[in-house]
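Trainee:
Residue numbers (my numbering), protein chains in the order written: chain A, 1 to 117; chain B, 1001 to 1111.
1) Got a sec? Which residues, its chain only, sit under 7 Å from residue 1046 (chain B) by beta carbon, not counting five neighbours each side?
2) Using a Cβ-Cβ cutoff of less than 8 Å, which residues in the same chain neighbour residue 60 (chain A) once the five nearest sequence positions on both sides are dropped?
3) Assign residue 10 (chain A) to buried or exposed, taking buried as 16 or more other Cβ atoms, counted over all protein chains shown, within 10 Å of its Cβ.
4) DSSP on residue 59 (chain A), reduced to helix/strand/coil?
5) Excluding the 5 residues preceding and the 5 following residue 1032 (chain B) in the sequence, name in chain order all residues of the same chain whose CB lies nearer than 6 Å to its CB.
6) From what residue to what residue does the beta strand (DSSP E) around residue 1091 (chain B) run?
7) Pick out whichever of B:1067, B:1043, B:1063 has its Cα sitting closest to the Cα of residue 1053 (chain B).
8) For residue 94 (chain A), is the classification buried or exposed, using 16 other Cβ atoms within 10 angstroms of its Cβ as the cut-off for buried?
9) Between the Cα of residue 90 (chain A) and those of A:76, A:51, A:63, spot the shortest distance and give me the residue it belongs to.
10) Would you mind telling me which residues of chain A sit closer than 8 Å to residue 1066 (chain B), beta carbon to beta carbon, in chain order?
11) Mind checking the stretch 1038-1050 of chain B against chain A and listing, in chain order, the residues whose C-beta falls within less than 8 Å of any C-beta there?
12) Along the chain, where does the beta strand (DSSP E) that runs through residue 5 (chain A) open and close?
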């Protein structure tokens, strides 16, 4: 089955710790995205990557870091600099990069709920 | 379940009735719109999309209407079923080719 997987489903972090959220896709999609979802709010873009070894900051990148060493993987690290990290984190992928007319739809993973203790 | 959508507007409908969920978008230059469905504890699922050169598009039991004059998007679900209970939100693609998401509406279907 093709799709996007995120792990773990639930993650607990102590204050001051860095944690890394995994996102893997076997859809052969070029673009990948990380969003944060808070209660009552729309998805907010953290980082995105249109191609391997390249990524750009989204609207709320402070306190987060990413890497894109492989096409299928786009891990997100929540650093201790992120002051309010408790949220639901969603990864998405899309076939074409931004500006591509091919398949504008983003496919989402199942999400990771991060809680700071 | 997940705490997504704790403070969302809620639409409650009777099973079998039609549902209409509304979305106001902000960017008059947006050229593409998507409706997503998100069940508790899961990632959003694509429902239907529409380009800005259209004003209506129909899928299976769902219809999206686009009114560019007032920057309004609606999702109509025919014969609503219990399995339709979820949070629904729209997304618009603007000048930067990035998607901007609305806050969502919770649909509750009463049996």
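Here a beta-carbon is modelled for each residue, glycine too, at the ideal position from N, C-alpha and C.
Mentor: Based on what the coordinates show:
1) 1034, 1036
2) 36, 44, 45, 46
3) exposed
4) coil
5) 1051, 1093
6) 1086-1093
7) B:1067
8) buried
9) A:76
10) Result: empty, since nearest Cβ-Cβ is about 15 Å, beyond 8 Å.
11) 1041, 1042, 1043, 1044, 1045, 1046, 1049
12) 4-7
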